[in-house]
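Just below is one structure, and these are the notes that go with it.
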Amino acid sequence: MKKNFPLQIEGKNPDRVLEAVKHEIRKYFKRERNRALPKGVDFWDFDCKVGLTAETAEAVKVSAVIESLDALAKEGAASVYVEILSKHGVRVINPDNDPVIIERLAED
5 MKKNFPLQIE GKNPDRVLEA VKHEIRKYFK RERNRALPKG VDFWDFDCKV
55 GLTAETAEAV KVSAVIESLD ALAKEGAASV YVEILSKHGV RVINPDNDPV
105 IIERLAED
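Heads up, my numbering is the position in the sequence shown plus 4, with the first residue counted as 1.
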């Protein structure tokens, strides 16, 4: 999703417009996460950017997309650019927390 959302629409309450944008973004995340996973993939990960324009958008974590929108709306932005691209995610096991590795180390 690469989209420019207007935050100030004539005749509409800006708070309701912001809530509608947040709802659309959350709905997109949910729809993407519910897609079937390819073989060898553990989860859907996302590359996210938020800013006033596509050129000035900064990379943010998935959990910070809504917070970034709130911050831009608080500054009085007329519109915001949101880019969310899904990618394959593979879990990486931390050897410090892996019970099999801990058991082997205890035996030595």
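Glycine is no exception: its CB is placed at the ideal position from the N, C-alpha and C atoms. None of the values given here were measured: they were computed from a predicted structure.
Using the three-state DSSP reduction, which class does residue i fall into: helix, strand or coil?
i     : result
Val21 : helix
Lys34 : helix
Ile13 : coil
Do you know how far the Cα of residue j is from the Cα of residue i?
i     : j     : result
Gly55 : Leu22 : 15 angstroms
Thr60 : Leu76 : 12 angstroms
Val66 : Met5  : 13 angstroms
Gln12 : Lys91 : 32 angstroms
Gly80 : Leu73 : 11 angstroms
So what does residue i bridge to, in DSSP terms?
i     : result
Asn8  : Tyr85
Ala63 : Lys53
Gly93 : Phe47
Go to residue i, then tell me how far its alpha helix (DSSP H) extends in each direction, as first and last residue.
i     : result
Asp74 : 69 to 78
Using C-beta distances below 6 angstroms, list every residue in its chain close to residue i, excluding the 5 sequence neighbours before and after it, in chain order.
i     : result
Val25 : Phe9
Asp49 : Lys91, Gly93
Looking only at its chain, what residues have a beta carbon closer than 7 angstroms to the beta carbon of residue i, apart from the 5 residues adjacent to it on each side?
i     : result
Pro42 : His92
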